[in-house]
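J.: Here the working numbering is used: the first residue of the sequence shown is 2, the next is one more, and so on. The beta carbon of each residue, even a glycine, is placed where N, CA and C say it ideally should be. This is the structure, below, for whatever I ask next.
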Amino acid sequence: MSETSDASTPAPVKRVRTRHFQQAKERGIRITGLTSYDYLTARIFDDAGVDFLLVGDSAGNTVFGHDTTLPVTIDELLPLTRAVAIAAKRAFVVADLPFGSYETGPDEALHTAFRFMKETGAHAVKLEGGVRSAEQIRRIVSAGIPVMAHIGFTPQSEHGLGGHMIQGRGDQVKQLLEDARAVQDAGAFAVVLEMVPADSAALVTQELRIPTIGVGAGPEVDGQLLVWTDWAGLTSGRIPRFVRKYADLHGILTEAVTAFRSDVESGTYPGPEHSYE
Numbered sequence: 002m003s004e005t006s007d008a009s010t011p012a013p014v015k016r017v018r019t020r021h022f023q024q025a026k027e028r029g030i031r032i033t034g035l036t037s038y039d040y041l042t043a044r045i046f047d048d049a050g051v052d053f054l055l056v057g058d059s060a061g062n063t064v065f066g067h068d069t070t071l072p073v074t075i076d077e078l079l080p081l082t083r084a085v086a087i088a089a090k091r092a093f094v095v096a097d098l099p100f101g102s103y104e105t106g107p108d109e110a111l112h113t114a115f116r117f118m119k120e121t122g123a124h125a126v127k128l129e130g131g132v133r134s135a136e137q138i139r140r141i142v143s144a145g146i147p148v149m150a151h152i153g154f155t156p157q158s159e160h161g162l163g164g165h166m167i168q169g170r171g172d173q174v175k176q177l178l179e180d181a182r183a184v185q186d187a188g189a190f191a192v193v194l195e196m197v198p199a200d201s202a203a204l205v206t207q208e209l210r211i212p213t214i215g216v217g218a219g220p221e222v223d224g225q226l227l228v229w230t231d232w233a234g235l236t237s238g239r240i241p242r243f244v245r246k247y248a249d250l251h252g253i254l255t256e257a258v259t260a261f262r263s264d265v266e267s268g269t270y271p272g273p274e275h276s277y278e
């Protein structure tokens, strides 16, 4: 999602806005998104031109070490979101609303959204659920806060869904479309489709006016979002099938820390060049 002023002069860096998401869908420009949970990675991703950064409740796994996203709290996500928002000069920053912070109704959802917008500098919030979350989305949007929706596999509902199960197969396509239409009608500016068959995601993308962002939803969506520690090779254990490994940070860091330990133990670090006179 890039802009140029003419053939020879790059346009100055501009903040990505919700209108740019819509323009990208209309022009067939793919949208790129990554999760981020800290200032340093956000700076790197922002400089590289990623369109939006999601401070996801996946921090429950990647930052805090939980098995699921369910334990992560508002108070834990607020400082992470603030750090990312400070770093991002161009990217659109989206704050995930954690489990238990919006489900009881529109009033709770709006209060949570207020906290993220006022205390972090985020530009939008994201919450899971289609038809069941439509009133929450509508209430937040009516207060002037952009909402990114999330349907298909919704990690906060993994126990109710029976685990990490692909959604939108067979008869489930009807419910997927109902959820997609519900979040669009409620005012969401974009919708994440997670772990949905490619043909079902393509159908939803054709049906909606707003852009679709895929997380394991095939190529026929309007953009792609990944958890950065997965594609960077930092995550250990099971990696979802839809993730392409772009780096091996686990291997690089292991090699570096092993070399550091060896140099310290052998006395070769620090050397004269690392010492003050």
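1) With respect to the beta strand (DSSP E) encompassing D1, which residues constitute its N-terminal and C-terminal limits?
2) Nearest-angstrom Cα distance between D172 and D200?
3) Give the secondary structure of G169 by DSSP, where H, G and I count as helix, E and B as strand, and everything else as coil.
4) Which residues in the same chain have their Cβ closer than 6 Å to the Cβ of A135, if we skip the five residues on either side of it in sequence?
5) Does the region 107 to 119 come into contact with the region 43 to 51, if we say contact requires no fewer than three beta-carbon pairs (one atom in each stretch) closer than 8 Å?
6) Taking C-beta to C-beta, are V132 and G169 nearer than 9 Å?
7) Around the C-beta of P99, are 16 or more other C-beta atoms found within 10 angstroms, so that it is buried, or is it exposed?
8) Would A248 and A260 qualify as a contact pair, given that the criterion is a beta-carbon distance under 9 Å?
9) If you run the structure through DSSP and keep just helix, strand and coil, what is D180?
10) Contact between the region 50 to 69 and the region 221 to 230: three or more CB pairs below 8 Å?
11) Quick check: E129 and Q157, are their CB atoms within less than 9 Å of each other?
12) List the whole-angstrom C-beta distance separating A189 from V148, where the pair is believed to meet the contact cut-off of C-beta under 8 Å.
13) What does the alpha-carbon distance come out to for the pair A257 and R139?
14) Compare the C-alpha of D223 against each of Q207, A123, H151 and name the closest.
15) Give the single residue among E104, V244, H151, R239 whose Cα lies nearest to the Cα of G217.
16) Reducing DSSP to helix, strand and coil, say where F261 ends up.
17) Report the residue ranges of all alpha helix (DSSP H) runs contained in full by the region 119 to 146; include only those spanning at least 4 residues, in chain order.
18) If you count every other CB in all the chains shown that lies within 10 Å of the CB of H124, and 16 or more means buried, which is it?
19) Let me know if Y38 comes out buried or exposed under the rule of 16 or more other beta-carbons within 10 Å of its beta-carbon.
20) Is T42 helix, strand or coil by DSSP?
T.: Short version:
1) Since the first residue shown for the chain is 2 and the last is 278, residue 1 is missing from the structure and cannot be characterised.
2) Numbered from its first residue, the sequence shown carries residue 172 at position 171. Numbered from its first residue, the sequence shown carries residue 200 at position 199. Spanning the two alpha carbons is a distance of roughly 13 Å.
3) Within the sequence shown, residue 169 is the residue found at index 168, counting from 1. It is coil, neither helix nor strand.
4) Sequence index remark: in the sequence shown, residue 135 carries index 134 (1-based). The beta carbon of A135 sits closer than 6 Å to the beta carbons of A183, A187 from its chain, once the five residues preceding and following it are set aside; these are given in chain order.
5) Look at the beta carbons and you see the region 107 to 119 not touching the region 43 to 51: under three pairs across the two are nearer than 8 Å.
6) Numbered from 1 along the sequence shown, position 131 holds the residue referred to as residue 132. Numbered from 1 along the sequence shown, position 168 holds the residue referred to as residue 169. No. Outside cutoff.
7) If you number the sequence shown from 1, residue 99 lands on position 98. Buried, by the Cβ-count rule.
8) Locating residue 248 in the sequence shown gives position 247, counting from the first residue. Locating residue 260 in the sequence shown gives position 259, counting from the first residue. Going by C-beta atoms, A248 is not nearer than 9 Å to A260.
9) For the purposes of this step, residue 180 is identified with residue 179 of the sequence shown, where counting begins at 1. If DSSP states are grouped into helix, strand and coil, D180 belongs with the helices.
10) As far as the Cβ criterion goes, the region 50 to 69 touches the region 221 to 230, which means the pair count is three or higher.
11) Position 128 of the sequence shown, counted from the first residue, corresponds to residue 129. Position 156 of the sequence shown, counted from the first residue, corresponds to residue 157. Contact: yes.
12) Here residue 189 refers to the residue found at position 188 when the sequence shown is read from its first residue. Here residue 148 refers to the residue found at position 147 when the sequence shown is read from its first residue. Confirmed, about 5 Å.
13) For the purposes of this step, residue 257 is identified with residue 256 of the sequence shown, where counting begins at 1. For the purposes of this step, residue 139 is identified with residue 138 of the sequence shown, where counting begins at 1. So the alpha carbons of these two residues sit roughly 49 Å apart.
14) Here residue 223 refers to the residue found at position 222 when the sequence shown is read from its first residue. The option with the nearest alpha carbon to D223 is Q207.
15) In the sequence shown, residue 217 corresponds to position 216, counting from 1. Comparing Cα-Cα distances from G217 to each of E104, V244, H151, R239, the minimum goes to V244.
16) For the purposes of this step, residue 261 is identified with residue 260 of the sequence shown, where counting begins at 1. In the three-state scheme derived from DSSP, where H, G and I count as helix and E and B as strand, F261 is classed as helix.
17) For the region 119 to 146, whole alpha helix (DSSP H) runs of length 4 or above, ordered along the chain, are 135 to 143.
18) Sequence index remark: in the sequence shown, residue 124 carries index 123 (1-based). Result: buried.
19) For the purposes of this step, residue 38 is identified with residue 37 of the sequence shown, where counting begins at 1. Looking at its Cβ environment, which holds 16 or more other Cβ atoms inside 10 Å, Y38 is buried.
20) Taking the first residue of the sequence shown as position 1, residue 42 is located at position 41. Secondary structure at T42: helix, using DSSP grouped into helix, strand and coil.
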